[in-house]
């Protein structure tokens, strides 16, 4: 399942404003980190698998460059566990 342009933009905005990665006690929202669009696109491609599976696979599929790109980690390793559930809730209305 793929979202139309408007739905994809809405999803990106929801992700940008709601989800963050955490380093020590710092929270960096995905919109500020420039990762919301990549996660929205990844989620969009996986929506036919359901919100739970799409959220987990998308977080594993988005690689975050660290140290100038020398290292890349899946976004799943940089967000708190509660953020996974928040992403599942965001995706729920888009799963038809």
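Numbering (the numbering used here), first residue to last: 3 to 98.
From the three backbone atoms N, C-alpha and C, an ideal C-beta is built for every residue, glycine too.
Bear in mind that the values here come from a model prediction, so they are computed numbers and not experimental data.
Secondary structure note for residue 24: its beta strand (DSSP E) is the uninterrupted segment 22–25.
The alpha helix (DSSP H) runs of length 4 or more contained entirely in the segment 3–55 are, from start to end of the chain, 7–20, 32–35, 38–48. Taking the C-beta atoms as reference points, residue 41 is found nearer than 8 Å to residue 17. Within the model, the alpha-carbon separation for residue 51 versus residue 22 is close to 24 Å. Judged by DSSP in its simplified three-state form, residue 79 adopts helix. For residue 79 and residue 97, the gap between their C-alpha atoms comes out near 25 Å.
Three or more Cβ pairs closer than 8 Å define a contact, and the segment 5–15 falls short of that threshold against the segment 55–62.
Non-local C-beta neighbours of residue 75 in its own chain, meaning closer than 8 Å and more than five positions away in sequence, comprise 65, 66, 68, ordered along the chain.
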